[in-house]
Each structure stands twice: as C-alpha cells, then as structure tokens.
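For the sequence shown, position 100 matches number 160 in this note's numbering, and the numbering has no gaps at all.
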Amino acid sequence: MFPFDFTRRKLAALLRPWLTHDPQLDLRLGFLRSHAIARNLRLDVAALDRVIGGGVGVVVKSVTVEELRIEVDLWSENGFRVGVRGVNVKMVAGEPARGRGASVVDDEAVEASLKDWKTKAIARIDPEGSAFA
C-alpha cells in the first residue's frame, strides 16, 4: 500500500541520523487511530554528543531503547501518546580519552585538578547533590 510504505520510509529516514542501524518498525495506519512501534533501538552517541554539547562534563557511552511507541488517536482527549520502555544509558564522568590509549599519570597535582574538575562537573549536573550522593 503506497501511503503505508511512504510513511514507513519517511519515519525510518527521520530516525536514521540518530541510530547506529536501521530500526525495527511496526507501523499501523488508520483513519482515526494510528501507531508506530520501534524496537531494539541503539542510539548513535556521536549524534547525541553534538546535541548535548561538551559542556556537561559527562560522556555518553551507549544508549539503548527496548521499545518506543507512538500512538495517535484523533477522537480521544489524549490524542497523542508516547511510551518508552527499557531505556539503558551508560555515562561516564570526565572527558573521553584522546588517541588509542590513555596514559596513567601519577602526579598528585594533576590528579587533584582532575578531581576538582569532576566535582565541578557533577555540581553542574546536580546542583542540589541529591542524585550523586
């Protein structure tokens, strides 16, 4: 069916810059109710880093979403619903290691400045100190 295939390709094209591989899409279109389900999404961390920027102080290692569900119902008061299930985000405090391998530095001054930098980065993310206590 032409509208179904066109909508599926358009939705896949919109998601493709954010993903590392093509999504598994289940798309059901109707006149009054439609829904799209994308399963086993692995987000591209480089694309997320471009959006987040480098000033946050954390590095995103991986982001996976088990299921993303979008439902549109024209006759309901909740006409647009989005559901996300099985989100797994791996983050590391600090800057990513440059080059092939990071060298280990034993200098106490460098370690103290790195600890101070990480403390400031965590304070920017969580100013109240409740999440990383």
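Where is the CB? At the ideal position from N, CA and C, for every residue including glycine. Note that the structure is a prediction, hence the values are computed from the model and not measured.
Subject >> Proximity below 8 Å, CB of Val-152 to CB of Val-119 >> reply: Result yes, Cβ atoms of Val-152 and Val-119 sit closer than 8 Å.
**OP:** Just tell me which of Phe-64, Val-125, Leu-128 has its CA closest to the CA of Phe-91.
**Re:** Checked all of Phe-64, Val-125, Leu-128; the closest Cα to Phe-91 is Phe-64.
Original post:
Using DSSP with H/G/I as helix, E/B as strand and the rest coil, what is Phe-140?
Top reply: Strand.
Original post:
Just checking my contact of Val-149 with Val-123 at CB under 8 Å: how many whole Å lie between their CB atoms?
Top reply: About 5 Å; that satisfies the 8 Å criterion.
**OP:** Sort out for me which residues DSSP pairs Leu-101 with in a bridge.
**Re:** Partner residues in the beta bridge of Leu-101, as assigned by DSSP, are Val-125.
**OP:** Name the one or two DSSP bridge partners that Asp-133 has.
**Re:** Answer is Arg-93, bridged to Asp-133.
Original post:
With burial defined as no fewer than 16 other Cβ atoms inside 10 Å of the residue's Cβ, what is the status of Asn-174: buried or exposed?
Top reply: Checking the sequence, you will find Leu at residue 174 rather than Asn. Exposed, by the Cβ-count rule.
Subject >> Supposed contact pair Ile-130 and Val-142 - C-beta distance, whole angstroms, cut 8 Å >> reply: Correct: roughly 5 Å between the Cβ atoms.
Subject >> Presumed contact (8 Å Cβ cut-off) between Gln-84 and Ala-98, rounded CB distance >> reply: Gln-84 to Ala-98, Cβ: 7 Å. Contact.
Original post:
Where does Leu-101 land, buried or exposed, given buried means 16+ other C-beta within 10 angstroms?
Top reply: With 16 or more Cβ atoms within 10 Å of its Cβ, Leu-101 is classed as buried.
Original post:
Can you tell me whether Lys-70 is buried or exposed, with buried defined as 16 or more other CB within 10 angstroms of its CB?
Top reply: Here Lys-70 is exposed. Its C-beta has fewer than 16 other C-beta atoms within 10 Å.
Original post:
Exposed or buried, which one is Leu-128 when buried takes at least 16 other CB atoms within 10 Å?
Top reply: It counts as buried.
Original post:
Which class does Asp-186 belong to by DSSP, given the choice of helix, strand or coil?
Top reply: Residue state, collapsed to three classes: coil.
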